[in-house]
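Some notes on the structure that comes next.
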Amino acid sequence: MNPAIPLGAAWTSPFAKWGGALSEVSSLELAAAVTRAALEARGLDPAELGSLVLGTTIPQPEAFYGAPSLAAAIGAPGISGPMVAQACATSVLALRVAAEGIRTGSATTTLAVLTDRTSNGPLLVYPRPGAGGGAPGTENWVLDSFARDPGTGQSMLATAEAVAREEGIERAELDDVTALRYSQYAGRPMGADHLVPVVIESRRAAIKLTDDEGVQSSTREQLGALRPAAPNGLHSYGAQTHPADGAAGAIVTSPDRARELAAGAGIVELLGFGQARVEAARMPQAPVPAARRALEAAGLAISDVDLVTTHNPFAVNDVYFARQTGFSLERMNIDGCSLVFGHPQAPTGLRSIVELIAALRRRGGGIGLFTGCAAGDVGAAVVIRVTD
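Following this note's numbering, the numbering of the sequence shown begins with 1 at its first residue and continues without gaps.
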């Protein structure tokens, strides 16, 4: 039995730019607002939920009580479940936890919620009684983590540059794939029902976000004119993603229950998951072995896959994936990707999975693969099948 998502029961908020419309909204408040709206719009009763998986990576006020608090805020005070975090691999991890609960029979109908706010990340203060004068240590949770992997001392950008140079990938190729991703995003279908607007009224000034915020309009010529992000580098600021704020969610249950909840619309089977870690400071390579493991778990080959979406914080990710697998760049991220709309960590992957489901549904179903990298030279992937 493959755990399943009812068609229509996976959603995402628009993503807001760093310092934008959602920069002062707790990611838990955002998750509650988006989840309530998504459940109501789909006629899903919170009382039907049996458990909750909350994926979030950036500490927020009162996050100690994260999952139970969120459950109460969405009208399901009798449920709870684990909170999971693994940087940008969190979405796949949350779906995997939910799927294993269904597969083993320890859960029936599970809500997976992914949420993060990179804006205004916390400054953590750590006691150091043995330091001079007892001075505490500090860590800027977001900025310090982006800037340096403690295991290698390298930034995330440095890993992208290393892979591009070792593979002989030139600046022009990176700009070409970046321009392709922007054109795919610009040509995506409008009015998608999987996009849940953010509406938060309980503030002095109501917050409403109906579309992605902070997406630049970039042509191939504009991208080619940008300076490198690092001295003598290959990636410009246009060829890498930007931090964002957002939330996403999905219902995971048994195939039979998924068909009931979908009311005849079909289901999304979760066929296989994969995770991998590659050589130190080579993060953009990790989606490839992760994808291969997910495909192996599903009993499939890359030739069986109809569409691919990726979390690609750098353009090199997709170039490397295409070279290693032979999968066409044009059949990847056909509605855009995190390189364009940004990444708020935990919900980034689920947004791309939601859009993969929508793209497969438009073509009448098929096999899809999502794969992406995460901090620590890690990759995570999931293979799905949409049957309409």
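We put the CB at the ideal spot given by N, CA and C, even for glycine.
> Does the Cβ-Cβ distance between L339 and T253 come in under 8 angstroms?
Replying inline: no
Original post:
What's the gap between the Cα of A9 and the Cα of R42?
Top reply: 7 angstroms
| task | Run through the segment 44-122 for me and flag every whole alpha helix (DSSP H) of 4 or more residues, listed as ranges in chain order. | result | 66-73 and 90-104
- Message: Just to confirm my understanding: we take M283, look at its own chain, exclude 5 residues before and 5 after, and list those with CB closer than 6 angstroms. What are they?
- Response: T159, C373 and D377
Should N333 be labelled buried (16 or more other beta-carbon atoms within 10 Å of its own) or exposed? buried
| said: Which same chain residues end up closer than 6 angstroms to R233 when comparing Cβ atoms and leaving out the 5 residues on each side of it in sequence? | reply: For the sequence presented, residue 233 should be read as Gly rather than Arg. These residues qualify, in order along the chain: E161.
Provide the residue span of the alpha helix (DSSP H) that contains G224, from first to last.
R220 to G224
Checklist entry - Contact check, Q275 vs A380 under 8 angstroms by CB: the rounded distance? => result 5 angstroms
Under the three-state reduction of DSSP, which class applies to G299: helix, strand or coil? coil
Exercise for the section: Would you mind working out which of T12, V383, T387 and E29 sits nearest I200, comparing C-alpha positions? Expected result: E29
Open item on the list: Within 8 angstroms, do at least three Cβ pairs link the segment 69-85 to the segment 123-141?
Closed with: no
Roughly how far, in whole angstroms, is the beta-carbon of A346 from the beta-carbon of D116, given that I think they are within contact range, below 8 angstroms? 4 angstroms
- Might you give, ordered along the chain, the residues of its own chain that have their beta carbon closer than 6 angstroms to the beta carbon of V305, omitting 5 neighbours on each side? I367 and L369
Would the segment 120-127 count as touching the segment 178-198 if we require 3 or more Cβ pairs under 8 angstroms? no
- Taking buried to mean at least 16 other C-beta atoms within 10 Å of its own C-beta, is N389 buried or exposed? Nothing about residue 389 can be read from this structure; the chain reaches only from 1 to 388.
Checklist entry - How about the segment 307-320 and the segment 94-112: do they share at least three Cβ pairs that are nearer than 8 angstroms? => result no
Q.
On the DSSP letters alone, give me the boundaries of the beta strand (DSSP E) that E367 sits inside.
A. Looking at the sequence shown, residue 367 is not Glu but Ile. First-last of the beta strand (DSSP E) with I367: G366 to A374.
Using the rule of at least 16 other Cβ atoms within 10 Å of the residue's Cβ for burial, across every protein chain shown, is V125 buried or exposed?
exposed
If I'm right that G266 touches V354 with Cβ under 8 angstroms, what's the distance once you round it to whole angstroms?
Between V354 and G266 the Cβ distance is about 15 angstroms, and since that is not below 8 angstroms, they are no contact.
Contacting residues, own chain, Cβ-Cβ under 7 angstroms from A31 (five flanking each side not counted): L70, V113, T115 and A247
Next item on the list: From the DSSP output, in three-state form, read off R282 for me.
Entry: coil
TODO: Please work out which residues of its chain come closer than 7 angstroms, Cβ to Cβ, to E48, disregarding the five sequence neighbours upstream and downstream, and give them in chain order.
DONE: T109
Report yes if the CB atom of G55 is closer than 8 angstroms to the CB atom of A87, and no otherwise.
no
Status (buried if at least 16 other CB within 10 Å, exposed otherwise) for Q60 = buried
Checklist entry - Can you list, in chain order, the residues of its chain whose CB lies under 7 angstroms from that of G364, leaving out five sequence neighbours each side? => result D388
Checklist entry - What's the C-alpha gap between L174 and A230? => result 15 angstroms
message = Buried or exposed, going by whether 16 or more other CB atoms sit within 10 Å of the CB of N317?
response = buried
Practice item. From the DSSP output, read off the bridge partner residues of L195. Key: T12
Cβ of R96 within 8 angstroms of Cβ of F273?
yes
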